[in-house]
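Asker: Residue numbers (this note's numbering): 97 to 136.
1) Can you grab the Cα-Cα spacing for the pair residue 125 / residue 105, in whole Å?
2) Taking the alpha helix (DSSP H) that residue 121 belongs to, which residues open and close that run?
3) Rounding to the nearest angstrom, what Cα-Cα distance links residue 102 and residue 108 in this structure?
Structure (structure tokens):
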């Protein structure tokens, strides 16, 4: 991701990070992977 210091993208990315967005995405990807392997 490219973010300019003090720009709109970094403001949005910071807000998402404060809400735990990164962990939510990791948890969702892990759940998807586990479901996929269970379906085999």
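A virtual CB, placed ideally from N, CA and C, is assigned to each residue, including glycine.
Answerer: Looking at the coordinates:
1) 23 Å
2) 117 to 135
3) 11 Å
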